[in-house]
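Numbering (our numbering), first residue to last: 5 to 398.
What follows is a single structure, written as structure tokens, with notes after it.
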Amino acid sequence: KPTYKGNKKQIIKAVEAIKKAKKPLLYIGGGAVLANASDLIRKMVEKTKIPAVETLMARGVMGADNPQLLGMLGMHGNYASNMAMSETDLVISLGARFDDRVTGKLSEFAKYADIIHIDIDPANIAKLVDVDYPIVGDVKQVLEEMLSLLDDVNPDRYQAWREILKRYDELHPQSYIDSDEVIKPQWAIERIGELIGKDAIITSDVGQHQMWAAQHYPFDRPRQWINSGGLGTMGFGFPAALGAKKAYPDKTVINITGDGSILMNMQELVTAAEYDIPVINVILNNHFLGMVRQWQTFFYEKRYSETDLSFQPNWKALAEACGGIGYDVTTKEEFDAALGDAIKQNKVCFMNVAVNRFENVLPMVPAGGALFNMMLPSPELADSALEEKKKGTK
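Okay, structure coming up:
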């Protein structure tokens with residue numbers, strides 16, 4: 005039987021560390037979602053004004069509009085989040101597991117920080133990093149204890165820290181270079197958020213589209229975002245969307261996927277049509293296994309092997325053949341019209357969206373690199389086609 009209630013003495017020590025810290029940082033993981041701790045985390049942040057970062061699995065815990073949320077951290081985290089983790093003097097880990105996609109080079113991870121690690125699974129405590137304040141327990145129950153001891157914390161204590169992080173965010177915000185000539189995948193994801201509001205459920209597969217969704221969709225609550233996380237399961241998004249729609253039939257459910265991932269489970273079209281499960285599959289189609297292609301571009305001297313998906317089925321016809329509806333989208337105007345019609349038609353659908361072929365997911369921390377050594381957006385890095393065109397490569 006798991007331990008739900010944290011050790012009181014350890015909690016008191018952790019709270020004292022928070023009160024003494026000058027640069028504390030909340031590191032929120034998927035365990036906070038499982039513990040239903042979102043409301044308490046928001047209360048803690050409101051009380052203390054401590055900055056926070058979320059992992060891929062924790063998107064939505066803080067809410068996209070929370071002023072203390074820096075964003076996602078890790079391999080494709082934003083600049084402010086990764087710099088915050090690199091410079092913090094106290095990490096407050098809430099249900100996170102310090103996986104390699106978050107830590108980067110372990111010897112450089114939170115190098116100047118003490119670590120409070122709260123997790124219900126004792127096997128996770130100090131498994132990958134040294135921990136100064138281990139607390140085994142349910143995140144929600146431990147936070148309830150902590151909050152009662154934080155009444156005398158003065159948020160002004162951390163004002164200088166917040167100003168530093170604000171400057172980092174202004175220096176390198178989460179951004180991309182938009183285009184009037186081609187649909188950028190980041191634009192498509194932001195546009196979904198604008199058109200359908202904050203009540204939708206978003207699933208994803210694995211690859212570039214997954215990272216773009218995590219970076220650019222305005223997740224407002226926990227469990228709004230469903231993806232396979234560390235399992236890295238291509239094909240996960242479509243059946244996950246079907247399950248979400250059956251559980252919440254009144255909510256719009258959208259699977260953000262890629263042309264590689266959707267091939268893994270496209271037969272679920274028949275299931276969706278048979279059982280009348282109207283989910284929307286937005287296929288961000290770059291005719292590549294995009295994330296693998298990106299690594300081949302950056303780290304393998306552009307030796308593109310087994311990543312070209314130029315030959316594809318007719319997605320619109322395939323959806324219609326299986327009892328659904330399909331759309332081919334090449335412009336922003338067509339995107340808006342297709343998404344609006346898909347919601348109105350209330351049938352399973354494929355939106356085949358032609359996006360910029362060589363777009364890259366940035367920032368990016370190269371494998372084995374430190375979080376502060378990010379590849380940041382620039383015209384050449386963001387779109388490999390610019391260099392490819394110079395060389396005459398298709």
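C-beta: ideal position from N, C-alpha, C; glycine also.
CB contact flag (P243, E278, <9 Å): Counting from 1 along the sequence shown, the entry for residue 243 is found at position 239. Counting from 1 along the sequence shown, the entry for residue 278 is found at position 274. No. Outside cutoff.
Proximal residues to T397 (C-beta, below 8 Å), its chain only, five neighbours per side dropped: Along the sequence shown, one-based indexing puts residue 397 at 393. In this predicted model, T397 has a pLDDT of only 40, less than 50, meaning its place in the structure is not dependable; the value taken from the coordinates is given anyway. Within the same chain, T397 has close Cβ partners K306.
Cα-Cα separation between L153 and L44, rounded to whole angstroms: Looking up residue 153 in the sequence shown gives position 149. Looking up residue 44 in the sequence shown gives position 40. If you take the alpha carbons of L153 and L44, they lie about 14 Å apart.
Close beta carbons around G239, own chain, < 7 Å, minus the five adjacent residues each side: Locating residue 239 in the sequence shown gives position 235, counting from the first residue. Here the set comprises D209, S265, M268, N269.
G247 versus V257: straight-line alpha-carbon distance, rounded: On the sequence shown, residue 247 is found 243 positions in, with the first residue counted as 1. On the sequence shown, residue 257 is found 253 positions in, with the first residue counted as 1. For G247 and V257, the distance between alpha carbons rounds to 10 Å.
Distance between Q163 and K249 (C-alpha atoms, nearest Å): Numbered from 1 along the sequence shown, position 245 holds the residue referred to as residue 249. Numbered from 1 along the sequence shown, position 159 holds the residue referred to as residue 163. Whole-angstrom Cα-Cα distance: 43 Å.
Y83 - containing beta strand (DSSP E), residue span: Residue mapping note: residue 83 aligns to position 79 of the sequence shown, counting from 1. Where Y83 is concerned, there is no enclosing beta strand (DSSP E), although the alpha helix (DSSP H) it sits in stretches over 83 to 91.
Three-state class that DSSP yields for H220 in the structure shown: In the sequence shown, counting from the first residue as 1, residue 220 sits at position 216. Here H220 sits in helix by DSSP.
Under the three-state DSSP convention, the category E20 falls into: Working through the sequence shown from its first residue, we reach residue 20 at position 16. Of the three classes helix, strand and coil, the one that applies to E20 here is helix, per DSSP.
Residue nearest to Y172 in terms of C-alpha spacing, selected from E384, A386, D340, L380: What you label residue 172 is simply residue 168 of the sequence shown in a count that begins at 1. Looking at the Cα atoms, L380 is the closest of the given residues.
Extent of the continuous alpha helix (DSSP H) to which F302 belongs: On the sequence shown, residue 302 is found 298 positions in, with the first residue counted as 1. It spans 294 to 303 - the alpha helix (DSSP H) in which F302 sits, taken as one unbroken run.
Three-state secondary structure (DSSP) of K58: Locating residue 58 in the sequence shown gives position 54, where the first residue counts as 1. Going by the sequence as given, residue 58 is Glu instead of Lys. Strand, per DSSP.
Span separating the alpha-carbon of K255 from that of A130: Here residue 255 refers to the residue found at position 251 of the sequence shown. Here residue 130 refers to the residue found at position 126 of the sequence shown. The straight-line gap from Cα to Cα measures roughly 40 Å.
At least three beta-carbon pairs within less than 8 Å, the region 190 to 199 to the region 84 to 103: no
C-beta atoms of H121 and M215 nearer than 9 Å: Position 117 of the sequence shown, counted from the start, is the residue given in the question as residue 121. Position 211 of the sequence shown, counted from the start, is the residue given in the question as residue 215. Cβ atoms of H121 and M215: not closer than 9 Å.
For L44: DSSP bridge partner residues: Working through the sequence shown from its first residue, we reach residue 44 at position 40. Bridge partners of L44: none, in fact.
Any alpha helix (DSSP H) of 4 or more consecutive residues that is wholly inside the region 301 to 346: 319 to 325
Contacts around A276, its chain only, beta-carbon distance under 7 Å, and the 5 residues preceding and following it disregarded: Counting from 1 along the sequence shown, the entry for residue 276 is found at position 272. Within the same chain, A276 has close Cβ partners L246, V283, G328, V352.
Alpha helix (DSSP H) segment containing Y172, residue limits: Numbered from 1 along the sequence shown, position 168 holds the residue referred to as residue 172. Counting along the chain, the alpha helix (DSSP H) containing Y172 begins and ends at 163 to 175.
Continuous beta strand (DSSP E) stretch holding V157: start and end: As a first step, residue 157 is located in the sequence shown; it is residue number 153 there, counting from the start. That residue, V157, is in no beta strand (DSSP E); it is neither H nor E in DSSP.
Delimiting residues of the beta strand (DSSP E) encompassing V257: Within the sequence shown, numbered from 1, the residue matching residue 257 stands at position 253. Looking at the DSSP string, the run of the beta strand (DSSP E) that includes V257 is 257 to 262.
According to DSSP, residues forming a beta bridge with A245: As a working note, residue 245 is residue 241 in the sequence shown. A245 pairs with nothing; no bridge assigned.
The region 136 to 156 / the region 6 to 19 touching (three or more Cβ pairs under 8 Å): yes
In DSSP terms, what G75 is bridged to: As a working note, residue 75 is residue 71 in the sequence shown. Partner(s): V57.
Pair within 9 Å by beta-carbon distance, P55 and L29: Along the sequence shown, one-based indexing puts residue 55 at 51. Along the sequence shown, one-based indexing puts residue 29 at 25. Cβ atoms of P55 and L29: closer than 9 Å.
Cβ shell of L74 (< 8 Å), same chain only, five flanking positions each side left out: The residue given as residue 74 occupies position 70 in the sequence shown. For L74, where only same-chain residues beyond five positions count, the Cβ hits under 8 Å are P55, A56, V57, N82, A84, S85, A88, L169, D173.
Per DSSP, cross-strand counterpart(s) of L38: As a working mapping, residue 38 is identified with position 34 in the sequence shown. L38 is not bridged to any residue.
Residue range of the beta strand (DSSP E) that includes T275: For the purposes of this step, residue 275 is taken as residue 271 along the sequence shown, with counting starting at 1. Unbroken run through T275 is the alpha helix (DSSP H), 272 to 278; no beta strand (DSSP E).
Boundaries of the alpha helix (DSSP H) in which A192 is found, first to last residue: Translated into positions along the sequence shown, residue 192 becomes position 188. Where A192 is concerned, the enclosing alpha helix (DSSP H) stretches over 189 to 200.
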